[in-house]
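In the numbering used here, the protein residues as written are 1 to 328.
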Ligand code: FO1
């Protein structure tokens with residue numbers, strides 16, 4: 001119907017996911033795209049509540065993220081963390097001087113009794129971001145990495161230990177009783193919802209902490225719209241971060257096919273990179289329609305193009321059949 005608002009929900013975490021979300025934000029206005037973000041990386045540090053995936057997406061959408069690092073802010077200085085180390089403070093988690101502002105503000109607002117959702121709404125608004133950036137839950141979910149040197153809080157594993165200790169598996173403390181926020185439930189229940197996107201984030205540490213929340217998987221399965229995932233693995237390598245290393249340690253083949261298998265039962269479509277076009281037949285055998293695109297996003301046009309192709313793919317999946325979820 002002309003003028004009918006098509007709405008999309010993207011599930012995202014980490015740097016890779018944020019890149020696609022920026023592309024989606026260029027294709028879809030604030031009414032059409034909602035971002036549901038991982039909170040499993042959150043932790044309390046130096047007395048501050050830190051939400052890395054919410055911050056990475058906020059800085060990326062605001063155009064102030066650090067292009068080299070992917071996290072934190074561009075044009076950063078490190079005076080405070082340097083001075084902190086000089087007086088015996090922890091400096092393994094690099095907090096830039098400008099970045100500190102968001103952690104101080106979030107901690108202050110949480111202490112005043114606001115929910116993480118309310119805090120995020122105020123913070124994104126202060127960065128003039130119009131799109132909805134929603135923590136998946138206001139409950140506490142924490143990723144734990146079970147490694148050869150013991151079980152580590154996520155940031156201790158990811159940053160302090162630099163992902164070096166071989167990992168045996170992950171747990172997501174609190175996920176079983178965590179509830180989707182009412183805003184996230186409303187996004188998935190929106191009558192104009194036209195598609196759901198699982199961003200090219202690390203499936204095991206950025207997406208799984210959200211899929212571990214029972215009502216999220218329920219929402220995905222109940223939704224009458226297609227779900228498409230984009231591969232974070234290209235040519236047997238992770239585009240960024242430790243995904244490939246984690247897959248090897250979990251004895252999972254480092255291929256886009258293995259990622260599709262990881263999501264199978266939840267997704268209707270999968271996007272692989274041109275380098276992996278040979279995998280499309282194998283993935284289609286899982287009952288997952290697969291298209292080939294340039295999934296490695298270097299420039300902003302790359303992100304906008306991939307996001308546009310993802311939206312078109314979802315439209316085609318919806319048109320292609322009177323949409324029925326698998327298994328219904
Ligand atoms: N990642 C690092 O590898 N080293 C850091 O020192 C670091 C600091 C940091 C500060 C704020 C923030 O929001 C993110 C930060 N990250 C750092 C990234 C963070 O660990 C990851 O972005 C996520 O938790 C996983 O994607």
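Built from N, CA and C at the ideal position, the CB exists for glycine as well.
- [ ] Would you check whether the ligand FO1 has a heavy atom nearer than 7 Å to the C-beta of residue 29?
- [x] No, Cβ of residue 29 sits at least 7 Å from all heavy atoms of the ligand FO1.
TODO: Let me know the beta strand (DSSP E) ranges lying completely inside the region 10-83, each 3 residues or longer, listed in chain order.
DONE: As far as the region 10-83 is concerned, its whole beta strand (DSSP E) runs of at least 3 residues are 33-37, 43-45, 48-50.
Open item on the list: Using a 10 Å radius around the Cβ and a threshold of 16 neighbouring Cβ atoms, would you call residue 116 buried or exposed?
Closed with: For residue 116, the number of other beta carbons within 10 angstroms of its own is at least 16, and it is reported as buried.
Open item on the list: Report the start-end ranges of each beta strand (DSSP E) in the region 94-153 that is 3 residues or longer and not cut off at the edges.
Closed with: Correct list: 132-135, 142-147, 150-153.
TODO: Tell me whether residue 311 sits in a helix, a strand or coil according to DSSP, three-state version.
DONE: DSSP places residue 311 within a helical segment (H, G or I) once states are collapsed to three.
- [ ] Label residue 220 either buried or exposed according to how many other C-beta atoms from any shown protein chain fall within 10 Å of its C-beta, with 16 as the threshold for buried.
- [x] Buried.
Open item on the list: Quick check: the Cα distance between residue 251 and residue 11, rounded to an integer number of angstroms?
Closed with: Approximately 25 Å, taken between the alpha carbons.
TODO: Please find out if some non-hydrogen atom of the ligand FO1 comes closer than 7 Å to the beta-carbon of residue 47.
DONE: Checking the Cβ of residue 47 against the ligand FO1 gives no.
TODO: Kindly indicate which residue of 127, 71, 317 has the alpha-carbon position closest to the one of residue 195.
DONE: Answer by Cα proximity: 317.
- [ ] Please indicate yes or no: does the CB of residue 78 lie closer than 7 Å to some heavy atom of the ligand FO1?
- [x] For residue 78, the Cβ stays outside the 7 Å cut-off from all heavy atoms of the ligand FO1.
Open item on the list: Can you give me the C-alpha to C-alpha distance between residue 3 and residue 70, rounded to a whole angstrom?
Closed with: At residue 3 the pLDDT is 49, less than 50, meaning the model places this residue with poor confidence and gives no usable figure here.
Open item on the list: Is residue 107 near the ligand FO1 - that is, is its Cβ less than 7 Å away from at least one heavy atom of it?
Closed with: Residue 107: no, Cβ never under 7 Å from the ligand FO1.
Task: Cβ contact (3+ pairs, closer than 8 Å) linking the region 263-276 and the region 41-50 - done: Judged by Cβ distances under 8 Å, the region 263-276 makes no contact with the region 41-50, as fewer than three pairs qualify.
- [ ] State the start and end residues of the unbroken beta strand (DSSP E) segment that holds residue 169.
- [x] Under the DSSP assignment, residue 169 falls in the beta strand (DSSP E) whose first and last residues are 167-173.
TODO: Answer with buried or exposed for residue 327, where buried requires no fewer than 16 other C-beta atoms within 10 angstroms of its C-beta.
DONE: Model confidence at residue 327 stands at a pLDDT of 49, short of 50, so the residue's coordinates are unreliable and nothing is read from them.
Open item on the list: Beta-carbon within less than 8 Å of residue 1's beta-carbon, same chain only, minus the 5 sequence neighbours each way: which residues are those?
Closed with: Confidence at residue 1 is low in this model, with a pLDDT of 42, below 50, so its placement is unreliable and no value can be given for it.
TODO: With DSSP as the reference, label residue 280 as helix, strand or coil.
DONE: DSSP places residue 280 in helix when its eight states are reduced to three.
Task: residue 200: CB within 7 Å of a non-hydrogen atom of the ligand FO1 - done: Answer for residue 200: no, Cβ out of range of the ligand FO1.
Open item on the list: Suppose contacts are defined by Cβ-Cβ distances below 8 Å. Is residue 171 in contact with residue 131 by that definition?
Closed with: Between residue 171 and residue 131, the CB-CB gap reaches or exceeds 8 Å.
- [ ] Return helix, strand or coil for residue 161, following the three-state DSSP convention.
- [x] In the structure shown, residue 161 adopts coil according to DSSP, grouped into three states.
Task: Ordered list of beta strand (DSSP E) runs contained in the region 218-249, each at least 3 residues - done: The region 218-249 contains these whole beta strand (DSSP E) runs: 227-230.
Task: Where residue 123 falls, given that 16 or more other Cβ within 10 Å makes a residue buried - done: Classification of residue 123: buried, given that the 10 Å Cβ count is 16 or more.
Task: residue 8 - partner residues in DSSP beta bridges - done: According to DSSP, which records beta bridges pairwise, residue 8 is partnered with 33, 195.
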